[in-house]
Amino acid sequence: MVYVTLYSCSIKVIKSPLIFIKMSSTYKILVVDDEQIIRKSLSGLLEYTGYEVVTAGSGTECLHIMSSQYFDLVILDIVMPDMSGIEVLQRIKKKYKGTEVITVTGYADKEKAITTFRLGAYDFIEKPFESVEMLNTIANCLNQLKLKREIERKNRELRESEERYRLLAENVADVIWTIDIKSVRTTYVSSSVTGLRGCSVEEVMAQTLEETLTPSSLDLAMKTLEEEMAIEYVEQKDPFRTRTLELESKCKDGSTVWTEAKMTFLRGADGMPIEILGVSRASPSANRWSRHCAD
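In the numbering used here, each residue's number is its place in the sequence shown (first place is 1) plus 162.
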């Protein structure tokens with residue numbers, strides 16, 4: 163338990179004991195205020211809480227420091243003598259898109275505070291403020307920043323994965339495809355389908371399963387799907403199981419080709435199947451151009 167007292171006309175004196183959890187933090191915060199007592203008091207509080215803190219006494223000094231150091235968060239006073247906080251905020255948001263800003267303003271400057279919010283500030287705090295209010299706002303801001311960065315990282319990894327998948331799919335002879343389970347429509351097919359069936363990717367994407375498979379193969383495929391979906395309700399199921407079928411596919415020139423299709427489920431966040439992922443190739447046990455389609 164620690165007693166925190168911040169002496170300033172802008173920061174309320176905390177008379178009651180506050181319990182702060184002192185923790186290791188990788189976040190770096192820049193405190194910008196032309197009043198030295200606020201800079202000293204606020205930086206001391208944040209450092210005690212576990213943040214790495216740097217201070218600046220003006221907007222010009224703030225931008226100079228930011229040109230050589232990275233900050234996760236800037237706590238920015240709106241009213242300063244050399245440069246307004248609004249102008250500083252605009253420059254930060256233009257040049258340092260990964261940095262969040264919390265503005266600090268007096269009650270009379272509430273209109274300016276609302277303006278900073280519209281310009282991209284995470285939040286604004288009115289003077290005088292209590293340390294608990296400031297710490298809670300900072301914690302919420304940095305938690306949201308962490309989540310935002312995690313989403314950006316996941317999206318970046320997904321894009322990289324999709325690009326690797328696309329390059330792989332476009333450079334193998336096997337046909338890679340996915341089918342949405344609800345609509346039973348093709349959602350992806352690799353360009354190698356042209357060599358197997360003579361159809362373009364666009365043509366295959368527009369086809370129904372009835373237009374893709376002969377009637378007997380369509381019946382087999384749908385029956386297999388029903389069996390696999392029934393297994394989903396069995397406790398001891400293998401979520402990574404695969405099925406291999408020999409299916410007769412229709413070609414663009416009216417002939418058919420026997421293919422060996424190996425399939426598995428792609429699953430959603432709840433673990434239930436949402437798509438079928440398949441890899442097809444000309445069947446080694448049947449004549450590729452077996453017959454002209456009479457079905």
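Glycine residues also receive a C-beta, built at the ideal position from the N, C-alpha and C atoms.
Pairwise C-alpha distance: residue j and residue i
i: Ile199; j: Ile227; result: 20 Å
i: Glu390; j: Ala368; result: 25 Å
i: Ser442; j: Val346; result: 17 Å
i: Glu214; j: Val263; result: 16 Å
i: Glu422; j: Glu388; result: 19 Å
i: Ile173; j: Gly247; result: The predicted model places Ile173 with a pLDDT of 48, which falls under 50 and marks its position as unreliable, so this point remains unresolved.
i: Asn302; j: Ser354; result: 50 Å
i: Met209; j: Tyr395; result: Note that residue 209 is Glu in the sequence shown, not Met. Each residue's Cα considered, the two are about 54 Å apart.
i: Thr217; j: Ile313; result: 30 Å
i: Lys184; j: Gly212; result: Low confidence applies here, because Lys184 scores a pLDDT of 49, under 50, leaving its location unreliable and the question unanswered by this model.
i: Val337; j: Glu397; result: 32 Å
i: Lys202; j: Tyr350; result: 59 Å
i: Arg321; j: Cys361; result: 27 Å
i: Gln252; j: Ala431; result: 39 Å
i: Val334; j: Leu307; result: 41 Å
i: Lys399; j: Ile393; result: 7 Å
i: Arg318; j: Arg328; result: 15 Å
i: Asp285; j: Glu324; result: 36 Å
i: Ser445; j: Thr356; result: 16 Å
i: Glu288; j: Cys224; result: 21 Å
i: Pro435; j: Asp415; result: 34 Å
i: Ser417; j: Lys316; result: 44 Å
i: Arg405; j: Val294; result: 59 Å
i: Leu204; j: Lys272; result: 21 Å
i: Thr386; j: Arg326; result: 30 Å
i: Phe291; j: Leu304; result: 19 Å
i: Met384; j: Asp342; result: 13 Å
i: Lys424; j: Arg403; result: 11 Å
i: Val366; j: Val419; result: 15 Å
i: Gly268; j: Glu197; result: 13 Å
i: Asn298; j: Gly433; result: 36 Å
i: Met296; j: Pro243; result: 23 Å
i: Arg359; j: Thr348; result: 15 Å
i: Glu437; j: Asp239; result: 52 Å
i: Thr370; j: Pro401; result: 27 Å
i: Leu207; j: Lys344; result: 55 Å
i: Leu382; j: Ala283; result: 59 Å
Enclosing alpha helix (DSSP H) for residue i [first to last residue]
i: Ala431; result: Segment: none, Ala431 is in no alpha helix (DSSP H) and carries neither H nor E.
i: Ser411; result: Here Ser411 belongs to no alpha helix (DSSP H); instead the beta strand (DSSP E) covers Arg405 to Lys412.
i: Val363; result: Val363 to Ala368
i: Gly250; result: Here the sequence assigns Val to residue 250, which means Gly is not the residue at that position. Run containing Val250: Gly247 to Lys257, per the alpha helix (DSSP H) assignment.
i: Ile276; result: Lys272 to Arg280
i: Leu207; result: Gln198 to Thr211
i: Asn384; result: Looking at the sequence shown, residue 384 is not Asn but Met. Pro377 to Ile393 is the span of the alpha helix (DSSP H), which, as asked, contains Met384.
i: Met242; result: Here Met242 belongs to no alpha helix (DSSP H), and DSSP marks it neither H nor E.
i: Glu223; result: Gly221 to Met228
i: Val355; result: Val355 to Arg359
i: Glu397; result: Run containing Glu397: none; DSSP gives neither H nor E here.
i: Glu373; result: Leu371 to Thr374
Host beta strand (DSSP E) of residue i (start-end)
i: Thr522; result: Outside the displayed span of the chain (163 to 457) sits residue 522, for which this structure offers no information.
i: Thr265; result: Glu262 to Gly268
i: Lys289; result: Asp285 to Lys289
i: Ile237; result: Leu235 to Asp239
Residue j beta carbon less than 9 Å from that of residue i
i: Thr340; j: Leu409; result: no
i: Val266; j: Ile237; result: yes
i: Val250; j: Val194; result: yes
i: Val363; j: Ser379; result: no
i: Met245; j: Gly221; result: yes
i: Thr426; j: Leu407; result: no
i: Lys310; j: Leu281; result: no
DSSP bridge partner residues for residue i (one or two, in chain order)
i: Val216; result: Leu192
i: Ala444; result: Thr421
i: Thr340; result: Tyr350 and Leu439
Checklist entry - How about the stretch 187-198 and the stretch 269-284: do they share at least three Cβ pairs that are nearer than 8 Å? => result no
Checklist entry - Per the contact definition of three or more C-beta pairs closer than 8 Å, is the stretch 367-387 in contact with the stretch 405-419? => result yes
Checklist entry - Looking at C-beta atoms only, is the number of pairs between the stretch 253-268 and the stretch 221-240 that lie closer than 8 Å three or more? => result yes
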